[in-house]
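Numbering (our numbering), first residue to last: 6 to 147. Glycine included, every Cβ here is placed at the ideal spot set by N, Cα and C. Just so you know, these numbers come straight off a predicted model, no measurement behind them.
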């Protein structure tokens with residue numbers, strides 16, 4: 006599919022990968038400005054429900070943005086790594102990741118064993134989270 010954009014009287018069409026690459030390019034520029042050096046390699050997170058073609062499209066977007074995509078990982082896995090859950094204790098652990106995000110609500114169950122993360126199940130609501138959630142809270146409390 007192509008996405009049509011009209012800007013200042015000029016019409017252009019873009020693939021989803023091109024749109025994603027624009028976002029990744031901007032993120033790379035911000036990172037480079039903050040770090041004060043060139044960013045070449047990246048690990049990109051995607052929702053756990055992304056299929057193989059969506060993951061490949063994300064990897065392609067990274068390449069278009071000039072990044073060497075080292076790995077595509079699930080967002081719940083990234084959350085578990087960020088909290089250091091792979092470093093806490095020994096043996097197999099089952100973890101529930103509750104993600105009330107910027108536009109979706111997702112719940113994932115992961116198993117971590119010997120540093121290996123496996124997403125066992127994931128479910129969510131693409132209409133709950135972000136602005137929808139904020140508006141419902143305001144309506145409820147005000």
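- Shown here, residue 100 sits in a strand according to DSSP, grouped into three states.
- With contacts defined by Cβ atoms closer than 8 Å, residue 79 and residue 48 do not form a contacting pair.
- Within the same chain, 25, 49, 51 and 77 come within 7 Å of residue 63 by CB-CB distance, once the 5 residues on both sides are set aside.
- Under the 10 Å beta carbon count, residue 119 is surrounded by fewer than 16 other beta carbons and is classified as exposed.
- Annotation: residue 140 to residue 69 spans about 36 Å, alpha carbon to alpha carbon.
- Assigned with DSSP and collapsed to three states, residue 123 falls in strand.
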